[in-house]
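From first to last, the protein sequence lines stand for chains U, Z and L.
The numbering of the first sequence is my numbering, which starts it at 795 and goes up by one.
The numbering of the second sequence is my numbering, which starts it at 4 and goes up by one.
The numbering of the third sequence is my numbering, which starts it at 4 and goes up by one.
Remarks on the structure that follows.
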Amino acid sequence: MPAEEFQEDVVSVSERVAAEALIVDVGAFEGPLDLLLTLSRTQKVDLRQISILDLARQYLAFVEQAKKLRLELAADYLVMAAWLAFLKSRLLLPPDPSEEGPSGEELAAHLAFQLERLQAMREAAAKLMARDQLGRDFFARGITEDVQRVRRVTYTATLLDLMQGYARIRTRDDFRPFVMDRQHVMTMEQALERMRGLIGFAGGWTELVSYLPDGWDADPQRRRSTTAATFAATLELAKEGKIEIRQGEIFSPIQIRKKVPDE
Amino acid sequence: MNKDPKPANDSLFEAPPMGEQERMVEAIMFATAEPVTVAELIGRMPHGCDPAEALAHLRKRYDGRGVNIIKVGDAWAIRTAGDLGFLMQKETVETRKLSRAAIETLAIVAYHQPVTRAEIEEIRGVSVSRGTVDQLIELEWIRFGRRRMTPGRPVTFVVTQNFLDHFGLENARDLPGLKELRSAGLLENRPPPGANALGEAEDGDDEDDNQTELFED
Amino acid sequence: MNKDPKPANDSLFEAPPMGEQERMVEAIMFATAEPVTVAELIGRMPHGCDPAEALAHLRKRYDGRGVNIIKVGDAWAIRTAGDLGFLMQKETVETRKLSRAAIETLAIVAYHQPVTRAEIEEIRGVSVSRGTVDQLIELEWIRFGRRRMTPGRPVTFVVTQNFLDHFGLENARDLPGLKELRSAGLLENRPPPGANALGEAEDGDDEDDNQTELFED
């Protein structure tokens, strides 16, 4: 049976354990629960009818033996030993009504459940591995064909695109997108250059408006552009520490003056 | 963990029935990564089998199916039936917006049909690339109309039924005129300053009328 | 000039007859080693096809043959019949032998899914090494499931379609002995009476928190 085959090493250990009383071979076990499961086999009964008390005794004897042989047991084996000693005393002594927590029977039942569950999962694992497996017992297609991805591009347009396209052609001169009208724009750099030349003369507070270049105040677009550029330039100059700026209140005229270096 | 009921030494026993042999050949051909020769089949199947015969049966069985058994050199393989090759391609359709040149060309054909290439170029103010016209023809949005009865008998372009379907038009005359475009806010309301670059639009809004005439037939 | 008499839209046309659809499914399924979902078939076949029905026909057709059509999760695959594995030694891929810890962990994930690392450790009574989980994930036999809505929001593990495919399972409910285990109450997650009965549950939980952080992104 595959389950047996799978358990092979465990079984042989348990046989030795049974035959030679106790040989401490901790390395063969995967932790205390595994050891307990192995020990439980020596009882040769259904795991459901297992005597947890006997099992606890066996385990404690195992740990005693290990101590005698001065073998280092991992901490979890000792934790389990302590817990089983506690369980043993609970199972042996009449229940103390003043004591809180689960009864010895409840704890024993849970341990039995854990052992049964572990055993069941081991058997299930063996059954699973005994199934026919892909690439071992049954096979997938050997010559596969890849799906070629073909990209097809379709083009689309809406009626609106069409009408706008037509309108664009027929009214070409109405639209001057993308062409910046430099004629009506003053850049910050231009304003800055201009202001650098003028600022030397600004000893006292002077309104910013008075620095706007001539001929730029008639056209609203030009006025906006030059005002923005000049203002940005004064901020730049203030940052450089060349001038000071003040404004009495919101929307009142902005005034600037030259900053005296030693001030 | 192969629960093979047969003992190891097959040769003492009769060969499996032909139906079984056919199954075996089928499985081997399916799983093997390369075409299989009859010699290989003999080597892999139980003693006494006749893979050549099994193969012939199998071949018949797959005749007309989605996959066929075909000969590759002196070996055999299962392959997709030739007519189903298209299933091995996965088409991904990517929708792209038509280029501006194509839209404008299409618009001109729609508004001015039947129109020659020279006329399209005159209206757009730039030459129309062959690719643009080809693309519109391929999309089945424009097609060749009658030749113009002028010197050189140039070919004309008209829009197709597909075009009308795609743009939800009953016919090309339904296309809104410039006036309507303007009132719909699709054009700036300002009249073009000065003369029109195309020389033919100086009539401005009258253009619409001209255009309407073009469609009168 | 594409004088295709068919309009672009296939849906205007009737789907191919069922026999043709069966051939198409057959071709697609033969072409790949991976299980194919009905959704994928729909995506690859002409409009209006009913691959689910075609699959049912095809499945019957291959019943008892050298290759069979089998269900893998919500997908379908062609695999060689289980009894013919002995012919295929040549194809057998030598797989890495799984450790006992890995096999048990895999079984616990399969039977208890979705299951947290702490629960696996609780069942096995020892901590699960990272390498074990990594190996199973690398084999694409297990994957992360949803986080458990408990404190620490631990990540869970579930088995994959690859797992089902590998072990020839139609779905995880078909795991051997699942019903018996369930009715015996052995798949319950029974908390120990009182707190931390084994003293190690604490560590387990901590571990899980760490792990949770690792997967957070």
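The beta-carbon is built from N, C-alpha and C at its ideal position, and this holds for glycine as well.
- Residue 160 of chain L is bridged by DSSP to L:118, L:147.
- For residue 72 of chain L, the secondary structure class from DSSP, reduced to helix, strand or coil, is strand.
- In summary, residue 842 of chain U is exposed, with fewer than 16 beta-carbon neighbours lying within 10 Å of its beta-carbon over all protein chains present.
- Contact between residue 196 of chain L and residue 901 of chain U holds: their C-beta atoms lie close to 6 Å from each other, under 8 Å.
- Contact note: residue 950 of chain U reaches chain Z through 98, 100, 101, using a C-beta cutoff of 7 Å and chain order.
- In the structure shown, the three-state DSSP call for residue 82 of chain L is strand.
- In the three-state scheme derived from DSSP, where H, G and I count as helix and E and B as strand, residue 135 of chain Z is classed as helix.
- If you draw a straight line from the Cα of residue 837 of chain U to the Cα of residue 167 of chain L, it comes to about 37 Å.
- Spanning the alpha carbons of residue 34 of chain L and residue 30 of chain Z requires a straight line of approximately 15 Å.
- Counting along the chain, residue 47 of chain Z sits inside the alpha helix (DSSP H) bounded by residues 41 to 47.
- Taking 8 Å as the threshold, the shortest C-beta distance from residue 160 of chain L to chain U does not fall below it.
- Taking 8 Å as the upper bound on Cβ-Cβ separation, chain Z lies near residues 931, 933, 934, 935, 936, 937, 939, 940, 941, 942, 943, 944, 945 of the stretch 930 to 945 of chain U.
- Annotation: the continuous alpha helix (DSSP H) that includes residue 846 of chain U extends over 846 to 862.
- For residue 114 of chain L, the nearest beta carbon of chain U is closer than 8 Å to its own beta carbon.
- Residues of the stretch 28 to 40 of chain L with a C-beta atom less than 9 Å from some C-beta of chain Z are 28, 29, 30, 31, 32, 33, 34, listed in chain order.
- Put simply, the CB of residue 44 of chain L is far from chain U, with every gap to its CB atoms at 8 Å or more.
- Residue 1000 of chain U sits in a strand when the DSSP states are folded into three classes.
- Closest by C-alpha distance to residue 98 of chain Z, out of U:949, U:825, U:965, U:984, is U:949.
- In the same chain as residue 39 of chain L, and ignoring 5 residues on each side of it, the C-beta atoms closer than 8 Å to its own belong to 31, 32, 78, 79, 80, in chain order.
- Exclusion of the five residues before and after residue 957 of chain U leaves no residue of its chain whose Cβ lies closer than 7 Å to its Cβ.
- Contacts with chain U at 8 Å (Cβ-Cβ) include residue 180 of chain L.
- Not one beta carbon of chain L lies nearer than 8 Å to the beta carbon of residue 841 of chain U.
- A straight line joining the alpha-carbon of residue 140 of chain L with that of residue 857 of chain U spans about 37 Å.
- Beyond the five residues adjoining it in sequence on each side, residue 126 of chain L comes within less than 6 Å, by CB distance, of 111 in the same chain, given in chain order.
- In this model, residue 1014 of chain U and residue 1006 of chain U are separated by some 13 Å (Cα to Cα).
- Residue 871 of chain U: member of the alpha helix (DSSP H) spanning 869 to 886, first to last residue.
- Relative to the Cα of residue 64 of chain L, the nearest Cα in the group L:28, L:48, L:93, L:36 belongs to L:28.
- Listed as beta-bridge partners of residue 941 of chain U by DSSP are no residues whatsoever.
- Assigned with DSSP and collapsed to three states, residue 949 of chain U falls in strand.
- For the C-beta of residue 76 of chain L, not a single chain Z residue is nearer than 9 Å; the gap to the nearest is close to 21 Å.
- Chain Z has a Cβ within less than 8 Å of the Cβ of residue 953 of chain U.
- Taking C-beta atoms under 8 Å as the contact rule, residue 26 of chain L and residue 69 of chain Z qualify, at a distance of about 4 Å.
- Between residue 17 of chain L and residue 46 of chain L, the beta carbon gap of about 19 Å keeps them out of contact (Cβ cut-off 8 Å).
- In the three-state reduction of the DSSP assignment, residue 928 of chain U falls in the strand class, which pools E and B.
- Among the residues facing chain Z, residue 87 of chain L is included, as its CB has a counterpart in that chain under 8 Å away.
- Residue 1051 of chain U: member of the beta strand (DSSP E) spanning 1048 to 1052, first to last residue.
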